[in-house]
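Reviewing the structure listed below.
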Amino acid sequence: MKKGKSMKKIYYGGPIITMNEKMPLVEAVGIDGEIIISVGSVKEVKNKVHSDYQLIDLNSHTMMPGFCDCHLHPIMYMIYLLSPDFSTIGSFIQFKEYIKEFSKNKPKDQLIIGYNLNEERFEDPVLPTRWDLDDACPDKPLFVVRYDSHIGIANSKALELAGIDKSTIPPEGGEIRKNNDGDLTGVISEKALELLFSHMSLPSHEEMKKTLFRVSQIFAKKGLTSVHGILDAEPYFKNNKQDLSELAVFMRFKNLFSQNCYFFIEIDDSQKLQRFISSPLNEKDKYAKFKIGGLKLFLDGTLGAKTACMHEPFTDAPEMCGFCVVEEEEIYEQMNVAHNQGFQVVIHSIGDKGCRIAMDLFIRLLKEYPKSDARHRIEHASLLTNDVITDMEKYGVIASCQPPFLNSEFEWLEKRLGRERIKYTYPFKSIIDKGAILVSGSDCPIEDPSPIQGLHALVNRNNFVPEQCISVEQALKTYTVNAAFGSFQENMKGSIEEGKLADLVILDKNPLDIPQDQIKDLLIMETIIRGKTVYKRGEDHKFI
Ligand SMILES: [Zn+2]
Numbered sequence: 058m059k060k061g062k063s064m065k066k067i068y069y070g071g072p073i074i075t076m077n078e079k080m081p082l083v084e085a086v087g088i089d090g091e092i093i094i095s096v097g098s099v100k101e102v103k104n105k106v107h108s109d110y111q112l113i114d115l116n117s118h119t120m121m122p123g124f125c126d127c128h129l130h131p132i133m134y135m136i137y138l139l140s141p142d143f144s145t146i147g148s149f150i151q152f153k154e155y156i157k158e159f160s161k162n163k164p165k166d167q168l169i170i171g172y173n174l175n176e177e178r179f180e181d182p183v184l185p186t187r188w189d190l191d192d193a194c195p196d197k198p199l200f201v202v203r204y205d206s207h208i209g210i211a212n213s214k215a216l217e218l219a220g221i222d223k224s225t226i227p228p229e230g231g232e233i234r235k236n237n238d239g240d241l242t243g244v245i246s247e248k249a250l251e252l253l254f255s256h257m258s259l260p261s262h263e264e265m266k267k268t269l270f271r272v273s274q275i276f277a278k279k280g281l282t283s284v285h286g287i288l289d290a291e292p293y294f295k296n297n298k299q300d301l302s303e304l305a306v307f308m309r310f311k312n313l314f315s316q317n318c319y320f321f322i323e324i325d326d327s328q329k330l331q332r333f334i335s336s337p338l339n340e341k342d343k344y345a346k347f348k349i350g351g352l353k354l355f356l357d358g359t360l361g362a363k364t365a366c367m368h369e370p371f372t373d374a375p376e377m378c379g380f381c382v383v384e385e386e387e388i389y390e391q392m393n394v395a396h397n398q399g400f401q402v403v404i405h406s407i408g409d410k411g412c413r414i415a416m417d418l419f420i421r422l423l424k425e426y427p428k429s430d431a432r433h434r435i436e437h438a439s440l441l442t443n444d445v446i447t448d449m450e451k452y453g454v455i456a457s458c459q460p461p462f463l464n465s466e467f468e469w470l471e472k473r474l475g476r477e478r479i480k481y482t483y484p485f486k487s488i489i490d491k492g493a494i495l496v497s498g499s500d501c502p503i504e505d506p507s508p509i510q511g512l513h514a515l516v517n518r519n520n521f522v523p524e525q526c527i528s529v530e531q532a533l534k535t536y537t538v539n540a541a542f543g544s545f546q547e548n549m550k551g552s553i554e555e556g557k558l559a560d561l562v563i564l565d566k567n568p569l570d571i572p573q574d575q576i577k578d579l580l581i582m583e584t585i586i587r588g589k590t591v592y593k594r595g596e597d598h599k600f601i
């Protein structure tokens with residue numbers, strides 16, 4: 058812990074929202090090094106901090122606890138930033154032109170992977186096929202991944218590289234789609250994606266170093282002081298000497314990362330989790346910057362890819378109901394091992410049936426091996442029927458939602474789900490009303506990791522089922538106190554209280570004092586992690 062005379066600071070001169078119910082609004086905050094040492098009136102704080110402090114005027118800006126994004130993929134984001142990006146492509150013609158352009162100078166023997174395709178923006182919103190890709194890029198292996206990362210399209214060269222032909226049997230929980238004539242369309246989903254991703258080459262050491270640093274700086278610019286990161290521990294990046302996992306890559310560059318990180322690990326065999334207890338990414342300190350907290354499992358797919366596991370077929374695809382990507386017994390065994398080794402279990406589940414199954418598995422686990430405060434989570438939890446929410450509250454299972462999904466999906470959700478089912482899609486208010494815990498994240502790089510845009514979705518919902526809007530205060534909780542609770546870290550962060558980390562964010566306006574439709578325009582003026590300013594508006598050049 059760094060301490061010293063010059064490390065003491067007192068912030069005052071603007072509203073300070075503490076997110077501590079006992080004293081929600083204060084005049085001043087005193088910090089010493091990494092820690093908040095005093096909260097209260099200017100006089101009280103000055104007395105407590107005593108001497109040799111720096112007085113910092115907030116100039117009427119609003120200070121609050123730094124934001125925590127509860128579900129994102131730092132290494133995947135790094136890869137996205139280094140890869141062709143389809144996020145601005147709005148038509149089929151543009152799609153082909155863009156492919157022609159970026160594939161021009163690529164080597165013939167390396168798989169090119171492009172991300173963020175959103176065909177919903179095309180005049181005819183259907184997924185392209187391998188023939189479309191072949192047309193634009195006939196001689197180099199190319200794989201284009203949809204923005205939800207659960208489905209992609211390979212051109213003929215990429216199928217060849219991955220050894221996929223008409224006779225290839227997809228791995229369980231995955232699809233290799235064919236047309237009515239039995240020809241491969243190039244469309245690959247869920248567990249079958251690994252057939253392509255296993256040919257991904259790792260960027261150079263320098264590129265990774267530069268880009269992971271940039272990832273952390275982008276997070277700082279968005280006001281994030283903490284993240285719950287998902288890391289795959291299975292080695293799948295092709296490297297010259299040995300294959301590397303996301304976890305190994307993060308470990309290599311961890312010192313470049315400013316945010317506090319709490320990790321959920323993806324691994325084929327949960328018995329191997331034990332080895333991470335002594336990992337450098339699992340610090341033992343009370344104020345640990347890096348912590349490995351749990352096991353991340355997959356139960357189903359996504360609404361966009363029509364692979365989310367549903368009770369009834371999709372409204373715009375009556376032949377499709379989605380599916381579970383694993384056998385229930387298999388996932389239960391993984392949960393069992395992690396739970397009994399003291400890890401949290403977090404399950405990706407999106408469809409209404411998927412969430413019911415996930416909850417039933419948690420109930421079975423908690424009945425068989427009771428634990429009063431396990432804080433297991435359903436990740437995404439997009440379609441939650443009332444019975445599932447009631448059980449989440451009863452068994453203390455946390456809803457880890459991604460409000461920004463609503464910003465990109467609201468226009469087509471009704472087409473996909475129909476009038477009845479949209480009523481319980483992203484049911485933020487029902488979750489809170491029933492007393493279950495709601496935490497928020499972005500699933501970055503799937504969505505923009507901006508908590509401001511997430512807050513906008515929570516309180517406005519782009520008018521999608523507006524009765525499920527929540528208040529600004531409730532929304533702020535999901536990114537602060539609840540987020541800390543979601544990782545067993547409520548004693549060290551999440552609110553502005555004595556003894557907690559000086560993780561703070563300064564906004565241009567008070568979110569509790571402006572019309573709800575202006576939340577999206579809030580500006581991050583400064584981000585402070587462990588007492589240190591890591592971003593200041595207007596001085597971006599210094600940081601990125
Ligand atoms: Zn995710």
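Residue numbers (our numbering): 58 to 601. C-beta: ideal position from N, C-alpha, C; glycine also. Keep in mind it's a predicted model, so treat the numbers as computed, not measured.
Residues near residue i in its chain [Cβ-Cβ closer than 7 Å; skip 5 each side]
i, result
"residue 349", "320, 322, 333, 336, 338 and 339"
"residue 165", "196 and 197"
"residue 132", "288, 303, 306 and 307"
"residue 68", "85, 86, 113, 115 and 120"
"residue 367", "378, 379, 408, 409 and 410"
"residue 21", "Because the chain is modelled from 58 through 601, residue 21 falls outside the range shown and cannot be assessed."
"residue 503", "204, 205 and 206"
Integer Cβ distance of residue i from residue j, believed to fall under 8 Å
i, j, result
"residue 304", "residue 288", "4 Å"
"residue 123", "residue 106", "About 20 Å; that fails the 8 Å criterion."
"residue 519", "residue 573", "Residue 519 to residue 573, Cβ: 12 Å. No contact."
"residue 249", "residue 232", "6 Å"
"residue 383", "residue 247", "Wrong, their Cβ atoms sit about 10 Å apart, outside the cutoff."
"residue 126", "residue 284", "5 Å"
"residue 192", "residue 153", "7 Å"
"residue 533", "residue 568", "7 Å"
"residue 483", "residue 458", "7 Å"
"residue 315", "residue 586", "5 Å"
"residue 186", "residue 243", "5 Å"
Alpha helix (DSSP H) segment containing residue i, residue limits
i, result
"residue 603", "Residue 603 lies beyond the residue range present for the chain, which begins at 58 and ends at 601; the question has no answer from this structure."
"residue 475", "470 to 479"
"residue 513", "508 to 517"
"residue 486", "485 to 490"
"residue 187", "187 to 193"
"residue 247", "Note, residue 247: premise wrong, no alpha helix (DSSP H); beta strand (DSSP E) at 241 to 247."
"residue 292", "Residue 292 -> no alpha helix (DSSP H), and no H or E assigned at all."
"residue 456", "First-last for residue 456: 455 to 458, but that is the beta strand (DSSP E), not the alpha helix (DSSP H)."
"residue 396", "385 to 397"
"residue 133", "131 to 138"
"residue 100", "99 to 106"
"residue 444", "443 to 452"
"residue 364", "Residue 364 -> no alpha helix (DSSP H), and no H or E assigned at all."
"residue 464", "461 to 466"
"residue 254", "251 to 254"
Residue i: CB within 6 Å of a non-hydrogen atom of ligand 3
i, result
"residue 171", "Annotation note on ligand 3: not contained in the displayed structure, which lists ligand 1 as its ligands."
N- and C-terminal bounds of the beta strand (DSSP E) containing residue i
i, result
"residue 207", "Neither: residue 207 is in no beta strand (DSSP E) and is coded neither H nor E."
"residue 173", "169 to 174"
"residue 123", "Per DSSP, residue 123 belongs to no beta strand (DSSP E) and is neither H nor E."
"residue 496", "495 to 497"
"residue 33", "Only positions 58 to 601 of the chain appear in this structure, which leaves residue 33 out of reach."
"residue 435", "434 to 437"
"residue 85", "82 to 89"
Close-in-space but distant-in-sequence residues of the same chain around residue i (CB under 8 Å, 5 per side omitted)
i, result
"residue 178", "146, 147 and 148"
"residue 60", "Summary for residue 60: the model assigns pLDDT 46, below 50, so the residue's position carries little reliability; its value from the coordinates is reported in the next sentence. Closer than 8 Å at Cβ, skipping near neighbours: 89 and 90."
"residue 428", "396"
Chain-order list of residues whose beta-carbon lies under 6 Å from that of residue i (same chain, five-residue window excluded)
i, result
"residue 511", "460, 461 and 497"
"residue 141", "159 and 171"
"residue 260", "139"
"residue 161", "none"
"residue 594", "582"
"residue 363", "371, 374 and 377"
"residue 62", "The pLDDT assigned to residue 62 is 49, lower than 50, so where the model puts this residue is not dependable; a value taken from the coordinates is nonetheless given after this. Answer for residue 62: 109, listed in chain order."
"residue 317", "283 and 346"
Discussion item. Quick check on the contact list: which residues have their beta carbon closer than 7 Å to a heavy atom of ligand 1?
Written reply: That gives 128, 130, 287, 405, 436, 500 and 503.
Worksheet item: With a cut-off of 8 Å, do at least 3 Cβ pairs link the region 399 to 419 to the region 432 to 441?
Response: By the criterion of at least three beta-carbon pairs nearer than 8 Å, the region 399 to 419 is in contact with the region 432 to 441.
Worksheet item: Would you call the region 570 to 585 and the region 275 to 292 in contact, with 3 or more CB pairs under 8 Å?
Response: Output reads yes: the region 275 to 292 touches the region 570 to 585.
Worksheet item: Quick one: any contact between the region 71 to 78 and the region 546 to 557, if contact means 3 or more CB pairs under 8 Å?
Response: In this structure the region 71 to 78 lies against the region 546 to 557, because at least three pairs of beta carbons, one per stretch, are closer than 8 Å.
Worksheet item: Does the count of Cβ pairs from the region 353 to 368 and the region 396 to 406 closer than 8 Å reach three?
Response: Taking a contact to require three or more Cβ pairs closer than 8 Å, the region 353 to 368 and the region 396 to 406 qualify as touching.
Fill in: Validate contact between the region 446 to 459 and the region 492 to 509 using beta carbons, cut 8 Å, 3 pairs
The count of Cβ pairs closer than 8 Å, one atom from the region 446 to 459 and one from the region 492 to 509, reaches three, so the stretches are in contact.
Fill in: Inter-stretch contact at 8 Å, needing at least 3 Cβ pairs: the region 93 to 112 / the region 555 to 564
Because the criterion of three Cβ pairs below 8 Å is met, the region 93 to 112 and the region 555 to 564 touch.
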